[in-house]
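Trainee: Numbering (the UniProt record's numbering), first residue to last: 1 to 107.
A virtual CB, placed ideally from N, CA and C, is assigned to each residue, including glycine.
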Amino acid sequence: MKRIYKKPAILSVPSPKIPYEDGFYVYLLRCCDESLYCGWTTNLRKRFYDHVMKKGAKYTKAHRPLELYYFESCEDAASARKREYAIKQLSRREKLALRNIKKASDF
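1) Measure the beta-carbon distance from residue 68 to residue 32 and round it to whole angstroms, keeping in mind my assumption that it falls under 8 angstroms.
2) Look up residue 64 in the DSSP assignment and say whether it is helix, strand or coil.
3) Taking contact to mean at least 3 C-beta pairs separated by less than 8 angstroms, is the segment 80-88 in contact with the segment 31-51?
4) Please report the distance separating the alpha-carbon of residue 24 from that of residue 70.
5) At what residues does the beta strand (DSSP E) containing residue 36 begin and finish?
6) Looking at the unbroken alpha helix (DSSP H) that takes in residue 29, where does it start and where does it end?
7) Here's a check: name, in chain order, each residue in its chain whose Cβ is nearer than 8 angstroms to the Cβ of residue 92, leaving out the five neighbours to either side.
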C-alpha cells in the first residue's frame, strides 16, 4: 500500500493558537507522515517556524511538520524537560489523547 503524505505547514498566516508570550513550553508536532515529534522551547512561535523552515531538529527536517498538535506551558526549564521526557514515554494513543484532555480542561 502506497503511503500518501500531506503537504507541510505554511506559515503565511500565524496560527492564533500559538502564544506570542515567551515562557517554557512543551509541544507536540504532527508531521506529514502522521508521526509525532515532542520538544520543549522558550519561544513556541519561533521554534515552530524553525521546524517548518528545516532549521529545527534533525527529525523534523526529514518528517516535515503539518501542525502544532498540542502544547502546554511549564514553570521553568527543568519542569519543561521533565514533562517532555514524560510525554515521550507515552504511547501514540496517549499522546493523541493529550489534545482532548486539554480541551476538556479549558472549560
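Mentor: Concretely, from the data shown:
1) Residue 68 to residue 32, Cβ: 14 angstroms. No contact.
2) coil
3) yes
4) 14 angstroms
5) 36-41
6) That residue, residue 29, is in no alpha helix (DSSP H); its beta strand (DSSP E) goes 24-31.
7) 36
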